[in-house]
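Visitor: Here you go, one structure.
Number of protein chains: 2
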Amino acid sequence: MKFARKPLSDCVPALVATARGDLPATLVITGGKLVNVVSGEILEGMSVAVQGERIAYVGKDVSHTIGEDTRVIDAAGRYIAPGLLDGHCHIESTQLTVSEFARAVLPLGTTGGFFDAHEIANVFGLKGIRLMLEEMRGTPLAAYMQVASCVPSAGPDIETTGASIGPEEVAEAYTWGEDVIALGEVMNFPGVVYGDEKMLGEIQATLRAGRYVDGHFTWPADDWRLPVYAAAGVTGDHECVTAEDVMERVRLGMYAKMRRGSAWHDVAKTITAHTEHGLDTRRMLLVTDDRSSESLRDEGHMDFVVRHAIAQGVKPVTAFQMATINTAERFGVARDIGSITPGSCADIILLDGNLADVQVAMTIAAGVVVAENGQMTAELPAYTYPQEVLASVHLRELPTAADFIIPAPVDSGTVATRVIKVIENHVDTEELILELPVREGRLVVEGTLSKIAVFERHKATGNKSVGVVEGIGFREPAAIAMTVAHDSHNVLVIGNDDELMARAAGAVATAQGGVAVLTGSGTVLFPLAIAGLMSAEPFEVAAAQSAAVSKALYDAGCTLNYAFMTLSLLALAVIPALRISDKGLVRISAGGIELVSLFA
Amino acid sequence: MKFARKPLSDCVPALVATARGDLPATLVITGGKLVNVVSGEILEGMSVAVQGERIAYVGKDVSHTIGEDTRVIDAAGRYIAPGLLDGHCHIESTQLTVSEFARAVLPLGTTGGFFDAHEIANVFGLKGIRLMLEEMRGTPLAAYMQVASCVPSAGPDIETTGASIGPEEVAEAYTWGEDVIALGEVMNFPGVVYGDEKMLGEIQATLRAGRYVDGHFTWPADDWRLPVYAAAGVTGDHECVTAEDVMERVRLGMYAKMRRGSAWHDVAKTITAHTEHGLDTRRMLLVTDDRSSESLRDEGHMDFVVRHAIAQGVKPVTAFQMATINTAERFGVARDIGSITPGSCADIILLDGNLADVQVAMTIAAGVVVAENGQMTAELPAYTYPQEVLASVHLRELPTAADFIIPAPVDSGTVATRVIKVIENHVDTEELILELPVREGRLVVEGTLSKIAVFERHKATGNKSVGVVEGIGFREPAAIAMTVAHDSHNVLVIGNDDELMARAAGAVATAQGGVAVLTGSGTVLFPLAIAGLMSAEPFEVAAAQSAAVSKALYDAGCTLNYAFMTLSLLALAVIPALRISDKGLVRISAGGIELVSLFA
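Right, here's the structure in full:
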């Protein structure tokens, strides 16, 4: 394959021959300021020689490695840095295929990542993960797959998913290759703490295979059960929203991942664990978790996150460490990626301006120049998903307006109702108890409130539930429906008009997946044909369609930052406080995860 | 086995149950100042709960883990630190068996290490390594074996050893278990740089097995070939004697090991890479390499090295990192050892006084209290070496005085002679060219000079060579003979009296190994029956015998610091500048390793 990455052991003779000058380098970069993330220094006047996909030599002078066919790139004093790594990322959140994700992020300097395909896993199980892994292997990215641990995220009694994964499936996935590197975020942390056999079994299978266990713990940093979770062998966690979250995890031996997704902005607070509290940074990582295609286009990817971290007062080389060597060390692959050192993969970026600007001018991945000045210069191979993946929305019947009526336990007056409150730029929600009016035995949802409903779409069970949400902001009749609804990815519908809600749901069902916003102005559809999660279109088209959804939401009054992403998580039954699944309202608290009734 | 260390995967259910309070801890330590090497902090009022051999809980309060049978240790405000790790150590250099080494270092706070049995490998090959590995596995130490890479160290044309190891043997050793963790120092660095098939084959076998390659590069830090060596996949090196040595290695992605052996004192200079040059410390390790039993008794082991590093101005917690987590990370075992975190092995030390004093009051290894107040409190299992290993000295015939005569190329006058110059406290020697007198066709070696001879002892080939050494210091007729003579461990004899030299050689041959010092005052013998390298006696007896050798040398005028260790390296044909083997004088320079004639 064009971007194949052979193991170092196979490359050693050629690397040594190139380094000593007996075999010409394939590529050479001369005269740059090397961002040395191992020593924590910026070194002037440095050059790098590459043989095939790996770095053969790093030093002041690489002239002895240059032959007739060597491509020589003059860095002209620019920074030479290792390609950026995303230490926790769900590609499906971009709504792009892996190939289109690669096309989007390579020009931004991201050359590798640790991807948890737990969205497609909830739809197609192990088969879905395998398909994305195969697509990954064709890209120039140093891409590593994590095996989704929580499918379903919170147990079959809480929600219905398209598939389930247990210890045996986890063990099987590790046999696919060394690039299947870790157990994805173990969101069922109460299960781990209280000895759930499936969760401990998946962790044990992972440790037995010499792989790593990533966490997801959302109780407070000072909860006495965080060390219990750590005792299970969990060594990484991105659910850090405060400095204390970072500090307590690192103290317990975890790598703390600081997240700047599209809709959750945790870096500014979490980074103070270092900038204010002086924590050793070696186990602090920068990650994206979930970023939309629009965010990639308008803000960037890891380049944006590193720049943002520097803007919080982190020394530039330290911020680069948090997105390169720290990340590689967390997953035991620092011999292969994460630094510009002899033997490492030639994943290299050149940067203009000051280092703090993180202004990527050229990206080299696996020894190939793949992007320059923000544009891809390399072709990626096409990857085709099987037909089955393109027809994944199985409703028992299309919803009608009547499906959104909420019968009340009283005929009139008011009733104490559990309401999901959205918090902008945060993953968490709040649980409100509001006295809502009842008319003719039906709950009245109006004003700043909307209805929220989930329809099971994997097995055509006909399961559905309807609840109430605060903070959407619709100022006119509007509805949004989506087959992206973490983590079970059933059909999630939010709106203030039962008829529009039904039509929105019908639109995404008919399209075999997608996001539809319906208002008085019409319908905006973002088709997501691949598993109901990802667009079959190129990055630029998908980003434009995603932006159209955002604009339609905004125009209807939903001005939440990256509204779609925030809304798509309202069904995520593992993050506090109140959520909704196809089985009803779900409350997540320090006491555990439980179905609760709509009426308090 | 008593001190068995099961994999974490097997321990997870019990650890989690203990951590949440459902299964009583086996051991608990309460109320100490935790030396948290992950976060780089000292945390007050911390407690630790242990289940079997691993840590189940770390926090302010572990009362929920205490049951009727839990042993509770009140730290009473003392420091609680992870047990110290030696990142590069030859146990044979202590002249102790592994068990006696463990008895010596456990009370000093060393709970684990990365051991390169390349001395016994030169005598008995892979079988010797296997025997020491088996002995290791019975001790409380978290002991990892490195496979000796350079047996012989510099090729069969340069010296004769008892065995040889190549790529196939290296690959075989990794099948013995995950505790065979790395390829031992690749001293034939010119071979690596210039593409020697055997050396690259051993490295490739190591990388293929997912293990680590340790280096040994003695050309200057700014030699253009250091990056070539790094390109081969070498990621650790302890041959650092200057700050630049450390900095250049770390910049190239290596872990730089700073050594304080008995006779080489490299920490004070090398540590300035951090204290003066500000290098990131994560890839800086403290190691001992070679320490004698006397050094262990009189100075200490890693406790001494850490204390010494702190005395150079390193922050105490940073110095602890250099002997705990950094070391564990270098070998990919930070999930098991190197920090006090849930899931890690319960290798814990309590320290009195200030942290900078490194005053170890109690040592816990694999969850068992093994030492208190400098004394072992746990019994170690006995280990018996096979008879073959106890009869390893095979000379063709016992040397006589005539063997030490050096015929000159002239009958009288003087002749330009290559002389090995010893440098106190350093591994290096210098090459001197001196005009030495000749009488009756024989070289006259007198004054500050001594003769130095090597007799092959593995295969009874009868090979021998005689040379001249400066800097021994004998002020009276004296000779020392030894079967410890790195790395080939032939019989090395140094003296200024041919008759005494012959008798000294006879003494060690008759004893089937050892060190003998002969002077007018008599004979001092330190028997080393195990492979001619290690004493069959307890640590205390061996240290006393070792001290007697030192005293005899001192009394005879050889006042070099740790004279025996320095002398035993005069046959080490891979460290600059001039050495001696059974095949003649060996010169090691930036040009390579070559036999040279005695007369220049």
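Chains as they are written, first to last, in numbering that gives the first Met the number 0: chain A, 0 to 599; chain B, 0 to 599.
Think of the CB as a built atom: it goes at the ideal place given N, C-alpha and C, for glycine as much as any other residue.
Quick caveat, the model's predicted, so the values are computed rather than measured.
(1) V192/A versus chain B: which residues are under 9 Å apart at the beta carbon?
(2) Do A477/A and A555/A have their C-beta atoms within less than 9 Å of each other?
(3) Could you check if P151/B is buried or exposed, using at least 16 other CB atoms within 10 Å of its CB as the buried criterion?
(4) Against chain B, does R281/A count as a neighbour if the rule is that its beta carbon must be under 9 Å from one of theirs?
(5) Closer than 8 Å by C-beta to M0/A: which residues in its own chain qualify, once you throw out the five before and the five after it? Chain order, please.
(6) Counting Cβ pairs, one atom from each stretch, are 3 or more of them under 8 Å apart for the segment 173 to 183 of chain B and the segment 205 to 212 of chain B?
(7) Classify E434/A: buried if its beta carbon has 16 or more other beta carbons within 10 angstroms, exposed otherwise.
(8) Is the CB of I202/A under 9 Å away from at least one CB in chain B?
(9) Does the segment 247 to 266 of chain A come into contact with the segment 111 to 129 of chain A, if we say contact requires no fewer than three beta-carbon pairs (one atom in each stretch) closer than 8 Å?
(10) If contact is defined by three or more beta carbon pairs under 8 Å, each pair taking one atom from either stretch, is the segment 478 to 497 of chain B in contact with the segment 55 to 66 of chain B?
(11) What is the residue span of the alpha helix (DSSP H) that K197/B lies within?
(12) Spatial neighbours of G299/A within its chain, please: CB distance less than 6 Å, with the 5 preceding and 5 following residues excluded, ordered by chain position.
(13) Sort D68/A, N495/A, K256/A by Cα distance to L84/A and report the nearest one.
(14) In the DSSP assignment, what residue or residues form a beta bridge with R441/A?
(15) Flag H215/B as yes if its beta-carbon sits less than 9 Å from any beta-carbon of chain A, otherwise no.
(16) Using only CA atoms, which one of T558/A, M361/A, L499/A lies nearest to I348/A?
(17) Assuming the contact rule is C-beta atoms closer than 8 Å, M321/B and T280/B should be a hit. Round their C-beta distance to whole Å, please.
(18) Any beta carbon of chain A sitting closer than 9 Å to that of A310/B?
(19) Output, in sequence order along the chain, the residues in the segment 216 to 232 of chain A whose CB is closer than 8 Å to any CB in chain B.
(20) Can you give the Cα-Cα distance for D9/B and E196/A, rounded to whole angstroms?
(21) May I ask which residues mark the beginning and end of the alpha helix (DSSP H) holding L295/A?
(22) Closer than 8 Å by beta-carbon distance: list the chain A residues that pair up with G331/B, in chain order.
(23) Is it the case that the segment 124 to 133 of chain B contacts the segment 155 to 169 of chain B, given that we only count it when at least three CB pairs across the two stretches are under 8 Å?
(24) Is R334/A close to chain B, meaning its C-beta is less than 9 Å from at least one C-beta of that chain?
(25) If you measure beta-carbon to beta-carbon, which residues of the segment 381 to 397 of chain B are closer than 7 Å to chain A?
(26) Check whether chain A comes within 9 Å of I79/B, counting only Cβ atoms and requiring the distance to be less than that.
(27) Nearer than 8 Å: is that true of the beta carbon of G82/B relative to any heavy atom of the ligand PLP?
(28) If you follow the alpha helix (DSSP H) that R601/A is part of, which residue opens it and which one closes it?
(29) Taking the alpha carbon of E371/B as the reference point, which residue from V104/B, E168/B, Y193/B has its own alpha carbon closest?
(30) Can you check whether the C-beta of L84/B is within less than 9 Å of a C-beta belonging to chain A?
(31) Once you ignore the five residues that flank A562/B on each side, which residues in its own chain have a CB closer than 6 Å to its CB?
(32) Starting from the beta carbon of L7/A, find every residue of chain B whose beta carbon is closer than 8 Å, and list them in chain order.
(33) From the DSSP output, read off the bridge partner residues of G111/A.
(34) Going along the chain, which residues of its own chain have a beta-carbon closer than 7 Å to the beta-carbon of M687/A, five neighbours each way excluded?
(35) Whole angstroms is fine: what's the gap from M570/B's alpha carbon to T29/A's?
Guide: If we stick to the structure as given:
(1) V15, A18, R19
(2) yes
(3) buried
(4) yes
(5) For M0/A, the predicted structure reports a pLDDT of 48, less than 50, and the residue's modelled location is therefore unreliable. A value from the coordinates is still provided. So the list reads R136, G137, P380, once near-sequence residues are dropped.
(6) yes
(7) exposed
(8) yes
(9) no
(10) no
(11) 196 to 207
(12) L107
(13) K256/A
(14) P406/A, R438/A
(15) no
(16) M361/A
(17) 7 Å
(18) no
(19) W223, R224, P226, V227, A229, A230, A231, G232
(20) 13 Å
(21) 292 to 297
(22) G331
(23) yes
(24) yes
(25) none
(26) no
(27) Here there are no bound small molecules, and the ligand PLP is not part of this structure.
(28) This structure gives no information on residue 601/A, because the portion of chain A shown stretches from 0 to 599.
(29) V104/B
(30) no
(31) L552
(32) L206, G232
(33) L84/A, A141/A
(34) In the structure as shown, chain A begins at 0 and stops at 599. Residue 687/A is therefore absent and cannot be evaluated.
(35) The amino acid at residue 570/B is misidentified as Met; the sequence shows Ala. If you take the alpha carbons of A570/B and T29/A, they lie about 43 Å apart.
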